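All remarks here apply to the structure that follows.
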Ligand SMILES: Cc1cc2nc3c(=O)[nH]c(=O)nc-3n(C[C@H](O)[C@H](O)[C@H](O)COP(=O)(O)O)c2cc1C
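Here it is as structure tokens:
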């Protein structure tokens, strides 16, 4: 299956975000026309070893399609075995994480540690590609460890090892999430011939148009989508009308179908502070939500907030 056949008009991707891009949030973004979603990063090794928590992260809503499963690891055989699991095969494609800068991940040789070992990175890509057959494989990486001098070669290595597309976060590992994304190498990386999703600080249609004009196939949006799933409609240039309180309720109720109340309450605390970010008078509500003990309590606090500010429930564009 070609990458092109996955996308209609919307060449947008919800960038994978651990702790945020759960199946429910992905489905919500779907309502606003996102082109492709990606799971949170999941350890290939944990999947192969049958870890229950990791397996649970594979749960998906069928309507959320196309969706790629993102794995991380550094052992080609283990990574190949993980994508042969039927629950992973059920996804429309696989994405390999080669960008995560978190110390615990890097010190294990995973995530952006692979930027320092392109040979091993290539072996991982090849092994996963051989295991998934004609399903698309993407690789997500950063510009480099402390500078971007190896970025173009890394993209070439991805292509030569069998990747079908790449998502590049235009920051280095050292930058973590600070500063701004630097897209200067976009044209050169795009020139390697793989469809490239440009990632880093994208929040508007104007940025989407500029980046695609410069050779990006599409854009991946991370933090800009948190609490603002309608950003995908904005980027696509389509109108939308959303009720934030209903969205919060839907999000929580979907999660409750799969997870216990305590887990859902903890997840929803993060999401609610994103949904209410920047809203008038929301600070007090967010503080109360963070101290809540159940999902029901969180929803009641949100209901109270929107009773006080009914005009803030609706967001249109
Ligand atoms: C809370 C959080 C969790 C993230 N988790 C992942 C992850 O699991 N896998 C991954 O490849 N990138 C992850 N990222 C990086 C994002 O996918 C994205 O590359 C980065 O946030 C830059 O894009 P943005 O400026 O649009 O947010 C994460 C970022 C954030 C903020």
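Residue numbers (the working numbering): 3 to 319. Positions of the beta carbon are idealized from the N, C-alpha and C atoms, including for glycine. Keep in mind that this is a model prediction, so the values were computed, not measured.
Inter-residue distance for residue 253 and residue 59 is about 16 Å (C-alpha atoms, whole angstroms). Within the same chain, Cβ atoms closer than 6 Å to the Cβ of residue 176 are found at 148, the five residues on either side in sequence being excluded. Looking from the CA of residue 62, the closest CA among 100, 268, 83 and 23 belongs to 23. Taking the Cβ of residue 15 as the reference point, every heavy atom of ligand 1 lies at 7 Å or farther away. For residue 71, DSSP records a beta bridge to 96. If you check the CB distance, residue 130 and residue 81 come in under 8 Å.
By the Cβ rule, the segment 250–270 does not count as touching the segment 68–78, because fewer than three pairs are nearer than 8 Å. The residue among 139, 49 and 230 with its C-alpha nearest the C-alpha of residue 196 is 139. The beta carbon of residue 100 is closer than 7 Å to those of 113, 114, 116, 117, 123, 141, 142 and 143 in its chain, skipping five residues each way along the sequence. Judged by DSSP secondary structure, residue 124 falls within the alpha helix (DSSP H) whose first and last residues are 120–134.
Relative to residue 50, the option among 18, 84 and 19 whose CA is nearest is 84. Per the DSSP secondary-structure output, residue 221 pairs in a beta bridge with 14 and 200.
In terms of Cβ geometry, residue 41 and residue 221 do not form a close pair [threshold 8 Å]. Residue range 246–258 is occupied by the alpha helix (DSSP H) that includes residue 255, with no beta strand (DSSP E) assigned at that position. In the DSSP assignment, residue 214 falls within the alpha helix (DSSP H) that extends over 207–215. Note that the C-beta distance between residue 205 and residue 181 is not below 8 Å. Under a 10 Å Cβ-count criterion, residue 236 is classified as buried, with 16 or more other Cβ atoms of the shown protein chains found around its own Cβ.
Per the DSSP secondary-structure output, residue 318 pairs in a beta bridge with 243. Relative to ligand 1, the nearest heavy atom lies less than 7 Å away from the CB of residue 43. Remark: the C-beta of residue 233 is outside contact range of ligand 1, defined as less than 7 Å to any heavy atom.
Per DSSP, reduced to three states, the secondary structure at residue 51 is coil, with no helix or strand assignment.
Distances from the alpha-carbon of residue 304 to those of 136, 162 and 289 put 289 closest. Distances from the CB of residue 223 to the heavy atoms of ligand 1 include at least one below 7 Å. The three-state reading of DSSP puts residue 137 in coil, since its state is none of H, G, I, E or B. If you draw a straight line from the Cα of residue 183 to the Cα of residue 168, it comes to about 16 Å. By the Cβ-count criterion, residue 95 is buried, with 16 or more other Cβ atoms from all chains shown falling within 10 Å of its own Cβ. Taking a 10 Å sphere around the C-beta of residue 6, we find fewer than 16 other C-beta atoms and assign the residue as exposed. Between ligand 1 and residue 126, a heavy atom-to-CB distance of less than 7 Å is absent. Contact annotation: residue 191 and residue 154 have beta-carbon atoms nearer than 8 Å. With a cutoff of 7 Å, residue 72 counts as near ligand 1, since its C-beta is closer than that to a heavy atom of the ligand. Beyond the five residues adjoining it in sequence on each side, residue 120 comes within less than 8 Å, by CB distance, of 152, 155, 156 and 159 in the same chain, given in chain order.
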